[in-house]
Structure formats: C-alpha cells, structure tokens
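First the structure, in the form of structure tokens, and then the observations on it.
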Amino acid sequence: MWYCFKDTSCYSFQSSHSFTPSNSSRSASRRPSEITTQVLSRTCCYVPESYSLPIDAIDAEIAHPHTQTRVPVGALPHIWGQSLYILASIIYEGLLLPGEIDPLGRRMVTEPKPDLSVQVVLVAEDNEIKQQLMEYQVEVQTFEEIYNEAGINVYPAKILGQLYRHLGKS
1 MWYCFKDTSC YSFQSSHSFT PSNSSRSASR RPSEITTQVL SRTCCYVPES YSLPIDAIDA
61 EIAHPHTQTR VPVGALPHIW GQSLYILASI IYEGLLLPGE IDPLGRRMVT EPKPDLSVQV
121 VLVAEDNEIK QQLMEYQVEV QTFEEIYNEA GINVYPAKIL GQLYRHLGKS
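Quick note: the sequence shown uses full-length UniProt numbering, first residue 1, plus one each step.
Below is the structure:
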C-alpha cells in the first residue's frame, strides 16, 4: 500500500482563504469535502488519517495524479485533520472570519510591511529650556508658542499616561 496524506487540503483551504478570499479559496474549499468519508452516520463527515492506494494503481496515479480511487485508512476521525476540516467548513460558510482565529494577524507575514519611520518632536517646557537648547542650535518652541501660532494644545506624555489609566472605566 502507498499512503497519501490528505488532511493538508484543509490546511491549504485555510491558508488560501486567509491570503486571498477570492476564487482560489472557493476552489480550495472543494477539496476538504472530497477528502471526507461517511461512516455509520450519513449526517457527519469524518476525515481519516490517510488514504491508501492499491499497488496496481500506483503507476496510473503517477501518470495521471488524483485519478485513482483511494481507500481511507488509519485513525477515523483523525483529530488534527478533523479539526482543520471543521474550521475550513465554518470559514467557507461565512460563519467565521480568518481574523477571528488569527487575532494577531500572523497570516499577514507574507505581505510586505512598510518601512518603519520614527519621528520625534522636541518641545521646550519653558523659555529657560528653550534658551539652553538654542545654545546647541536646536530650535524648539514652547507649549504656549505652539498654541498661539497653530491653536493646538500640546500636553506632556505623563498626561497621556493619566488618560490611559482612566480608559475603560465607567
């Protein structure tokens, strides 16, 4: 017997659905339903651990892949493959979004990320600090000057920390 592990099809569906939710996920979603087998119950589909191919069908399978009939063997249901099949089915039906099973966005690692650019703005707390920075040819404005010129209130970082402490309180 020649073994052909098939539960990777469910994994392929989830990957394709996460990266390109278009036609490729629809074509990949056909494969999970094809790898299931019905045992005792006509309402529940099971994913076996693997499929076997009779020895006399190996040459035909090599010549024309995926044309020979396979027989389910091994653990039934195969827990890992079954769980992937259930997830793939729920995603296919639209009951679950890829972001809901991947809240950290790890499925997005293949996409190029923009270059990180850190920008720093210096603001003098008072005129004394402004004069000290002018000695080093660093031009800054005070909080009052920014408000007078642009009408924008700029607060120190400690104020932001205090605001975050109260965030979510009722």
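We treat Cβ as the ideally placed atom computed from N, Cα and C, and that holds for glycine.
(request) Check residue 75 in the structure and name its three-state DSSP category. (result) coil
(request) Report the three-state DSSP secondary structure of residue 53 (helix, strand or coil). (result) strand
(request) Return helix, strand or coil for residue 141, following the three-state DSSP convention. (result) strand
(request) Would you check if the distance between the CB atom of residue 75 and the CB atom of residue 67 is smaller than 9 angstroms? (result) no
(request) Give me the Cα-Cα distance between residue 130 and residue 150, rounded to the nearest whole angstrom. (result) Those two C-alpha atoms are separated by around 18 angstroms.
(request) Could you tell me how far apart the beta carbons of residue 146 and residue 123 are, in whole angstroms, since I believe they sit closer than 8 angstroms? (result) 7 angstroms
(message) Considering only the alpha carbon of each residue, which of 51, 56, 159, 148 lies closest to residue 77?
(response) 51
(request) Check whether the Cβ atoms of residue 143 and residue 125 sit closer than 9 angstroms, and answer yes or no. (result) yes
(request) Could you check if residue 70 is buried or exposed, using at least 16 other CB atoms within 10 Å of its CB as the buried criterion? (result) Counting other Cβ atoms within 10 Å of its Cβ, residue 70 reaches 16 or more and is therefore classed as buried.
(message) In this structure, how does DSSP classify residue 85 when only helix, strand and coil are distinguished?
(response) helix
(message) Suppose contacts are defined by Cβ-Cβ distances below 9 angstroms. Is residue 82 in contact with residue 120 by that definition?
(response) Cβ atoms of residue 82 and residue 120: not closer than 9 angstroms.
(request) Put residue 46 into one of helix, strand or coil per three-state DSSP. (result) In this structure, DSSP gives residue 46 an extended state, which the three-state scheme calls strand.
(message) Using the three-state DSSP reduction, which class does residue 25 fall into: helix, strand or coil?
(response) At residue 25, the pLDDT of 44 sits below 50, so the modelled position is not reliable; the number obtained from the coordinates is stated separately. Helix.
(message) Does residue 72 pass the burial test, meaning 16 or more other C-beta atoms within 10 Å, or should it be called exposed?
(response) buried
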